[in-house]
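Scroll down for the structure; my scribbles are underneath it.
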Amino acid sequence: MIPSLFFVASMPSMAPLLAVMNLWYALPLIVSVSLVCAATRHEEFGPIMHHAVRFGLWIIVFMAVVMGVLTLMSMLA
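Going by numbering that gives the first Met the number 0, the first residue of the sequence shown is number 0, and it counts up by one from there.
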């Protein structure tokens with residue numbers, strides 16, 4: 000199993016596909032972190048969900064900005 004994974008990862012045409020697949024790991028992390036952060040600040044379900052959605056969007060925007068900066072830096076290098 001390991002040698003075949005290295006073979007697929009070494010193929011240039013598969014590199015973007017593998018990168019997109021790795022981004023799916025961020026979704027449960029964003030949801031869980033935003034819910035835990037919101038639940039530590041509020042006690043009722045409505046405010047928890049409102050804060051979790053806002054905080055989750057903030058995380059997504061922050062990650063997009065960092066990804067954009069890294070992409071720009073890699074294009075300039």
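Ideal placement from N, C-alpha and C gives every residue a C-beta, glycine not left out.
For residue i, which of the options has the nearest alpha-carbon?
{"i": "VAL35", "options": "LEU71, MET48, ALA25, TRP23", "result": "MET48"}
{"i": "ALA37", "options": "MET66, LEU75, HIS50, SER31", "result": "HIS50"}
{"i": "ALA25", "options": "ARG40, ALA76, VAL52, ILE59", "result": "ILE59"}
Count the other CB atoms, across all protein chains shown, that sit within 10 Å of the CB of residue i; report buried if there are 16 or more and exposed otherwise.
{"i": "SER33", "result": "buried"}
{"i": "PHE61", "result": "exposed"}
{"i": "MET0", "result": "Residue placement at MET0 cannot be trusted, given a pLDDT of 46 that sits under 50; the coordinates are not used to answer."}
State the CB to CB distance for the pair residue i and residue j, rounded to an integer number of angstroms; the pair is presumed to be in contact (CB under 8 Å).
{"i": "GLY55", "j": "VAL30", "result": "7 Å"}
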